[in-house]
Structure formats: structure tokens, C-alpha cells
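If you count by mature numbering (1 follows the signal peptide of the UniProt record, and there is no 0), then the sequence shown holds residues -25 to -1, 1 to 936, one letter each, in order.
All residues carry an ideal CB built from backbone N, CA and C; glycine is no exception.
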Amino acid sequence: MLCFSALSLFFVSLHFHSIFNQFASKPVLLTGKSHEVKKRIEFNAPDQCMPYIQQGNPSAQHNDIDDAITFGFSFRLPKFGGNCDDGLIICYPGTLDNITAGNWPNLVAFGRFRETNEATHLCAEKWQTDGKGKGLAWHGIYIRTKRIDGENELKNRNKRTVTMKMSISPKEYDFGHIKQLSLHFGSRADPFTFVTFDDGILFTNKSEDILPSIFLRTVPMGAVLRDFVGLWMLGLDILPFSHLHDVELFTYRGCNCTMDAWFTNPTDSEEPSMDDFHISAGGTKKCNYSIEQQSFSIEPVDKYNSKDFAILILALIDDFSEIDVKLTDANHSSLMEFHMGTNQSLNVSFPNMSSYDQNFATLPNGSFTMILWVALRKNSYEIMLNDTALDNRQFWPNDWWNGSRREDVRHVVLSGKMLLLEEPITNQIEIKGPVKLTYTKFYRKICNGTMFTFRVQLQNKTDQFKISLLHDRPEHHDRIGSTVFEIEVVLPSNFTFVVHYYGIRTSNNRSLTLNVAKDREYELKLIISDTYKFSVNGILFYEQKTNITPAWAINFVRVEGNVNLLEEPSVDISKCNKSETRTMELSSVLNYGDVVRIQGNVNRTKPLHIYLLHEAAEADTKTATDATVGDVLLHLDFDFKTKKIKCTHKIYSEKKYVDGKNTFLTDIELYPTQPFILQILMADDGFYGSISRADYSKFCDYYVAQINHEKAIMPFPPFAIDHIQVDGDLKPEKGFKPIKVTPSNYSTHFLDDKNEPISFTPLPYKQINRTDGLLKVNESIIVVMALKGFNPGEKPEVGVFFYNEAIDYHDLIGKTVLKILLTDKQLIFSRHYPRNWSVPEDSKPFRVEGMLKPNTVLNFTITVKALSTFALVLNGKDKDDENKTLLFKQKISYVPKNEDKKDMKTDSLPLPAWATHYITTNYTGMATPKTQVFCVPENRCTMKNGEMAYEYVFNKANSTN
């Protein structure tokens, strides 16, 4: 092994070519899932002396040597936490004690290299137990960590120093508070052992560093090696003679030791890695990692410290683990506790209140390092697992506005299957605090019994803010949606409750003297049921008992004003009332050719009602004076005794249901066990029905309503329907949904009871994804139309439409947020309200000639620039032929209208971009163009970029005509 000997130089030359052609090696892991590992490692002594295979490391400093990888051992603790208090021992046949006569004359002829210490004792014990290597002298090195005593025991209890003992020396070596330790058994320039740790820092010991040089100077005078024992000669004892080709090592690791060890070779192409633990987190036969109600004292938080703190829990977790964490006070009474597992969802509980059950928060599957922070905030707690806040929320104790009692936390009690990497400690952390913002969120469905909770922090003593529950609008607009309920707060003492019911705004002022202070927190709760109940910090403050709009009408919640939201408002639907009524909210509107399927078993002695609804989740069966919102576009009343279906309609402005066409069932008989299957087809001219797969017959025409004593121009179309309700004794069949919608299919043909085809014409569209936000400023819609041939004698036109609650022009339904009409000579922007077909003043014509040509492609890139401002880039140009920018900025216009013999002006407000629900196109004077619609960002729409719903169906239908 010794590079300075002539014999070694000979072996270097002999092995030069074979070593040069070797594949690069990797460090050999000496620890593993088992706590006892045996390794026999190939050993080539000349490898240490080859200059061309040394891996450079400028940080290593030892006699000007920059060779980082040598024969040796490398020990590493985890990046986060970890210790080896119960030790790691590596046993090996001691070369110095096993030397034979004739080798190394005058060097080791006298003395034994074995001290009576832990390293020697433990290896001897293992030798007797395992019967290894009889006749050999087993030596060892013993590595362990020890606590560093500090001024603050709770703060420094996880700080440890790494120590080492060797069989060949009576000394104990203290390397300090480190994570990595490397023992180098000599290098090309220096044959003696040296130590580096962490980033190549050289370990120095003045009393030992001089031993090798003194020994070499005194050898000619008869010095013996035994008199100079120390760390420098460890490699001489571990590495075998050059004629041997194996290093035999036995590693024993304590159950709670998370330190890993490697044997390194000069030919290694990489360093040891701690990317993963080489330990069984689930335990072994010898080691059990279950903890049962183990309590740890922690450093308390100063009551007057406004900073955020967190308790850090580091542990190894295995498959199918469950953990319990409890925070207790000085008397060991629980302040907060939670339970979770790989198959158990998070459950958080506080004294004197119901628990939080978070169904989607669990421990990940598989073995992993758990970095668990329990944040102790001024008023709440937060649980973060590996940098992710569980359920993305905070957890609030009872009376949280009086504080979370975090200053009372004295102990952390742990239970579960885990291997702790260090004891829990308290650290100060930075958590993003509440910020002033306007909050708006869309909710798919709010049911009767829903409870909203708003946790707010005041900014000043005279703050004003508003909480709004809205229908079909994220903010106030006079002509879109409606407001259900508002709470206007003007501090310090005025709360105004504004109830909007069927166009009537009623206000109730209530005074409440609050102890208002800057940064003071409040909990506002609102329960929506048959009444509206409002409480402040647990005290019922107001109850609205009349003019109640149903809960299902609420689909937006908005908070605005000078107030900080401590968290996103929470919605609790656990106490929602249940009924036999089944309602399906459509994710998109019905289209021509769609089929609504109702399936289940019905009780023939009870009535069955089916409603196709517009802007309503439940049918309004009350009188007009009690009407709220929404329309019944089709009501089917089944009488199974007389085999009769009654078809009626009702819109909210009418006083009663209006009869439609009646249909008699004379060709079927329903039996008690017979499934009831109803299919309703949206045809071009009305509703067609089929019961139990019989032929389709026309149930009803689409309803033409009377609006303000004036008959509407157009009937209500299928795309006005957004909810389907079944009211009655319908029991679902196993494996079948009671309500289902089947989209149009070009290959499907429907025949009526006269064997005549039923026509339907689907309308293609692109849908905005409302659950992921609405169309915003700087977002774009790109419409690409590939034009084909033009019709002779007809003027070609193409149009792009942004619709609110519609997919086509209609007299009553929806609004046109934006219309772009391109002719052969000009481009016109416009927008429209129902029953207001006049072109508004802000409609802008631009001169654009020569854009419409057969077999060309049009690219409309429409970008939202402001709330009601749209910019257009047409085929790469943002200006018209007169160099005017293609920009549509809506203005307020007033449209005179005669209603009930009274002259009045209707405020025609600009239509905001957020009102856009669907994008469609239209054309005249040409063959059907191929159309693609792209959204930027892509998640702004519900379909993949380029796709349009029903586009293929529409094109197929037109190509066959």
C-alpha cells in the first residue's frame, strides 16, 4: 500500500494498464435496511497511487493534497435532523495485530494494538456471537453523537457533536457539530490517515499531527509503532497487505442511529449521497419505531411577541403509518391535537368545539422524511407537511379572537409509527400575514343550511367593508345577475343588512358597539336557511326572517373594503337540509340534440315532477308575490294512474304555470319493479320524449313567454336550461345515475312516433372555466377560421361572439358581451342586451377591406385590456386601413324605452369581460369554415386549446346537407 516503497512502485507499473481501463467505481454502502451488514470489498492497493484517477476537491487541505476521494470511510447524517446517539461500529480484522514475522521489520515487532474501550469490547462481543474469523484479532471504530450542553437546554438539545473511538488508541476524538465525516486512509503523496468533514474542512490535532514525522525520524534508532499510536495510523490497521485483495467489514448500527457509512475507493466517480435514508422506517425484528404518548418539553413562546412560531417535528415515516400530535399546557391539558395517517384523513380538534375533518389531507404513501411544522400563530394554528400547508388552511380554536393560547404550550406529545430524527423544538418562522384585498369566489352549489365564516382583521378604527352573497355575478352590475344579501359594516358601531328579494332592496340598520382597535380580529358567521342568521364572535346579532331568497341562488361570495382577510372564507355544508328532490346542475348549457335521461324506480301511487330550469336549482311552485329568481322552462307532471303527462311552463314574472301541450300515455304499463326510463330530446322545434325506450313523441313546444304583457319574439331555447330537478319518489338503479345528459352525436338519428326523422342543429361553442376564475385583464381568446368557398351572389360575413349565459342571439336569454362582425369592407364592434337590438353608441366601425377571401385563414386575437375594453389583432395587424387601433372601449349609453305607457330610460351599462361564459362564431354567404378557438391561459377554458364543443357534430351535419 505504501507509495514510497520501491516494491509498491513496481506494482503501480504492473497494474497501470489494467487500472486505466477499469470502469469508474462507486462508494460502497456499509449500512442498510438491516442494522447488521457484512461487506467483503475488492481492494487494489496501487489504486491509491494513480495520479490520473484522483478526483480533485480544492477544499481539501492536507500537505497541499487536493485528492478528495481515497480509500477510507465516509459518514453522513441526514440533511435535516438525525443523530447516532446509540452508536455505529465498524469491525474489521486488525492488520497491525495480525502481522506475521518478516513483514515490516523493526516497525511493529513489539506491542499489541488493542485498547480496552467500547470499540474493542463491542467488536469482541460481536466476534463471540457471530464466530467470525477465528484466529483473527478483530478491531473496530466506534462513531456516535453526543448532546452539546448549552445555556438553554430546550433550545440546544438537538445540537450534537460527533465523536470516535478506535481499538488501536485509548483516545476519544471529538469532531464537533458536523453532518459529514470522512476518514482518508492516505493519498498518493501521503500514506497516513487524515480527516475531513462537511465541505472538505481538514481536522487538525496539534498533539497528533506531529506523530508521523517524529516516528519516521526515530525509526532508524529502533522506534516501534506502538509508541506512536493515533488517528494517523488507522488506515494501516484497516487496509490489508498489498498481496490481499479484499477488505472485510462488519457494520452494526443502533436502532435510533440515522447515520450512514460508506467505504470509498480512489476510483470512485461520485461522492456518497444522502438523497435517501438507508434504514427501514418501518422497523425490524430488533428495532421497533412505535412511539406511545411520548412527551417532549418545548421552549414556550413569549405572550407579547407578535412573531409567528412553529414546532418542528422531524421523523422517518413508513407505509401504513399513523401519527398523533398533541400540544399540552403545563398541566398536560390538551390545547390542540391532530391525527392523520396514510389511510386516515387529517382530524384536528380543540377543547369545547367540534373537530375539523379534512378528507383530502393524508400522509403520503411510502417511506419518506416527514418535516412537520405546527405553526403557532397569534390566533390560529397551521399544519405544514414538507412545505405544504395541509388542506391549505388554518385551524381556529374556540374563541380564537381572544388568542390561540400558544404561549401556554409547554409539551408536545407524540404517538405513532415513526423514527424521530430529533426531538421537537420551537423556532421563529416567517408566515405571510393577512393582506387587504378584494375577495371573490365562485361556488358550484350552496344548499339550505350552509354556514359561511369570515375571519377578518380590522385596519383602522373607522374601517368600512362589505360582504356580499351574489347570484350569477362576481361583483355589482345593474344588468347582470343579482345580489341576495349584503352586510355593510361602518365602524365603530353600524352594521347595515341589505336584503335583495325579487328586485326589492330592503335595509335594516343595527348598531353594535365593538371594542374596535387596530389589528383587532373578528369572526363573522352567516347561516343561510329559511332565515338569515348573522353572528359576531359567537354572539347572534341579526336574523332576517322575511324576503328570503333560496340558498341555491348564491354562487358568488365577495368581500371588499378596508379589512384584512385572515384566511379564505370557509363554507360548511355539513348541516344542509336533505330532501327527496334531486337536482343536477349542468356544467354547460343544453344544446340542440342533447338528451336528458331520467332513470330509476318510481312509486306509481305518488306524483313525479320533472323540471328543466333556467337560473334556478329548484322549481318555484309559489305565487308571483313569493317568486324569487329563475324560470321553469319545462314542467312534466306524471300521473301514472291515468297515464297522463301534463306539460306546463312558468317564468318568474308570471303569476301561474301556463299549460303546454298534454301528452297521453296509452301504449305502456308501468309495473312496480319495472325501471322508469325517460329520455327528453332537445329538438329544433321543441321537447320530444321517450318512455321506457318507446318511440319519441312531442311533449311540448319551446315556451314563448309574455314579457310585460308583450309576447316574446323567440321561444326559450334549450341553452337557457342550466338545472334539472326531479321531485318525487324516484329510487336510483344500482350502477345508473338518476339524471344524465348525453351530448349530440352526428351518428345518432331520432324518429318520432310517425317514423319521421326529428331534426336538431347543435351550436358549437367554447366555454369559459368559471371554477378557475373568469376572463381577466391581459388574457386572450384566439379564434382561427379557415374559410372555404363563397356562395355566388351573397355577401360574405363572419362574426365572433362573447356571450353571457347563451350560445346564440336570443330575445330574452343572455347578453352579448362582445360582437366582432367582419364584412368585405369593414369591421364593427358591438354589444347587446336582451330586448335591446339597437346598436349602441360605442359600436365602432373600422375600415378593413380585402380580408374576406375564399380559401384563406382569419386569425382574431382578442385581448382584454380593461374591465370592458377589448383589443383586436386581425391576421397580425392591430390597426385598420386608416391606421386606427382596433380597440373597443364600451361606454354608458341610455336607450329610451316605452314600458307600461311610461317613458323611461334604461341604463345600458358596459358589459364586463368577466361576464363572458361562451365564445361562438357565425358566418353567412360561404361554406362552413373550420374553426378553432384557443385560450390564453389554456386553463381559462374547459376544453383543450383549439377544440370547440359540438364543432365536429355541426360540421358533419352540414357536410351531409
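Helix, strand or coil for Val194, going by three-state DSSP, please let me know.
In the three-state reduction of the DSSP assignment, Val194 falls in the helix class.
Between which residues of its own chain and Arg385 is the CB-CB distance below 8 Å, once the five residues before and five after are set aside?
Ser272, Ile273, Pro275, Thr303, Asp304, Ala305, listed in sequence order.
contact_flag[the region 758 to 771, the region 901 to 915] where n(CB pairs < 8 Å) is 3 or more
Three or more pairs of CB atoms, one per stretch, sit closer than 8 Å, so the region 758 to 771 contacts the region 901 to 915.
Buried versus exposed call for Ala(-2) [16 or more other C-beta atoms within 10 Å across all chains shown]:
Sixteen is the threshold: since fewer than 16 other Cβ atoms of the shown chains lie within 10 Å of the Cβ of Ala(-2), the residue is exposed.
How long is the line joining the alpha carbons of Tyr117 and Asp22, rounded to whole angstroms?
Looking at the two C-alpha atoms, the distance is approximately 27 Å.
Quick check: the Cα distance between Asp612 and Asn435, rounded to an integer number of angstroms?
Roughly 58 Å between the two C-alpha positions.
Is the region 561 to 579 touching the region 454 to 466, taking contact as three or more C-beta pairs under 8 Å?
A contact between stretches requires three or more CB pairs, one per stretch, nearer than 8 Å, and the region 561 to 579 fails this requirement with the region 454 to 466.
Note down the Cα distance separating Lys146 from Met208, rounded to an integer number of angstroms.
Roughly 13 Å between the two C-alpha positions.
From this set, Gly568, Leu389, Thr45, which residue's C-alpha is nearest Gln654's C-alpha?
Ranking Gly568, Leu389, Thr45 by Cα distance to Gln654 puts Gly568 first.
Any contact between the region 705 to 712 and the region 677 to 695? By contact I mean 3 or more CB pairs, one from each, below 8 Å.
The count of Cβ pairs closer than 8 Å, one atom from the region 705 to 712 and one from the region 677 to 695, stays below three, leaving the stretches out of contact.
Cα-Cα separation between residue 940 and His724, rounded to whole angstroms:
Because the chain in this structure spans residues -25 to 936, residue 940 falls outside the shown range and cannot be described.
Can you pull the DSSP bridge partners for Gln907?
Answer is Val759, bridged to Gln907.
Tell me, please, whether the region 540 to 555 touches the region 621 to 630 by the rule of three or more beta-carbon pairs shorter than 8 Å.
Under the Cβ criterion (8 Å, minimum of three pairs), the region 540 to 555 does not count as touching the region 621 to 630.
Any heavy atom of the ligand GTP closer than 8 Å to the Cβ of Lys619?
Looking at this structure, you won't find the ligand GTP or any other ligand, since it has none at all.
Inter-residue Cα distance where the pair is Val222 and Arg201
Each residue's alpha carbon lies about 23 Å from the other.
Taking C-beta to C-beta, are Phe50 and Leu63 nearer than 9 Å?
Yes, they are a contact pair.
Which stretch, first to last residue, makes up the alpha helix (DSSP H) that contains Glu183?
For Glu183, the enclosing alpha helix (DSSP H) stretches over residues 181 to 184.
What residue range is occupied by the uninterrupted beta strand (DSSP E) comprising Asp299?
Segment 297 to 303, the beta strand (DSSP E) holding Asp299.
Could you tell me whether the Cβ atoms of Ile803 and Lys790 are closer together than 9 Å?
The beta carbons of Ile803 and Lys790 sit no closer together than 9 Å.
Between the CA atoms of Gly205 and Glu17 - distance to the nearest angstrom
Cα-Cα distance, rounded: 26 Å.
Euclidean distance between Cα positions of residue 937 and Ile346
Nothing about residue 937 can be reported from this structure: the residues present for the chain run from -25 to 936 only.
Would you mind stating whether Pro399 and Ile288 have Cβ atoms separated by less than 9 Å?
Between Pro399 and Ile288, the C-beta spacing is below 9 Å.
So, is Val832 buried or exposed, given that buried needs 16 or more other C-beta atoms within 10 angstroms?
Exposed, because fewer than 16 other Cβ atoms sit within 10 Å of the Cβ of Val832.
Nearest-angstrom Cα separation, counted from Leu433 out to residue 938
Nothing can be reported for residue 938, as the shown portion of the chain is limited to -25 through 936.
Take Asn58 as the anchor and find which of Lys819, Gln155, Thr471, Asn377 has the nearest alpha-carbon.
Ranked by Cα distance from Asn58, the options Lys819, Gln155, Thr471, Asn377 are led by Gln155.
Here's the rule: buried if 16 or more other CB atoms are within 10 angstroms of the residue's CB, otherwise exposed. What is Gly851?
So Gly851 counts as exposed.
With a CB to CB cut of under 6 Å and the five nearest residues on each side skipped, what residues in its chain are close to Ser240?
Rather than Ser, the amino acid found at residue 240 in this sequence is Asn. Cβ within range, chain order: Ser(-1).
In whole angstroms, what is the alpha-carbon distance linking Glu922 and Val908?
Computed Cα separation, rounded: 6 Å.
Tell me the DSSP secondary structure of His216 in three-state form.
Residue identity check: residue 216 is Phe in the sequence provided, not His. Coil at Phe216, not helix or strand.
Which residue's Cα is closest to the Cα of Tyr663: Asn522, Asp366, Pro326, Phe735?
Here the closest residue by C-alpha is Phe735.
Report the three-state DSSP secondary structure of Lys828 (helix, strand or coil).
Coil at Lys828, not helix or strand.
Classify His307 as buried or exposed, calling it buried when 16 or more other Cβ atoms lie within 10 Å of its own Cβ.
That one is exposed.
Cα-Cα separation between Lys877 and Thr415, rounded to whole angstroms
Caution is warranted here: a pLDDT of 42 is assigned to Lys877, below 50, making its placement in the model unreliable, and no coordinate value can be reported.
Kindly give me the distance between the Cβ atoms of Met559 and Lys741, rounded to whole angstroms, as I take these residues to be in contact under 8 Å.
Between Lys741 and Met559 the Cβ distance is about 23 Å, and since that is not below 8 Å, they are no contact.
Below 9 Å between beta carbons: does that hold for Arg806 and Pro885?
Yes; because the gap between Cβ atoms is below 9 Å, this pair is in contact.
Can you give me the C-alpha to C-alpha distance between Pro525 and Leu587, rounded to a whole angstrom?
When rounded, the distance between both Cα atoms is 18 Å.
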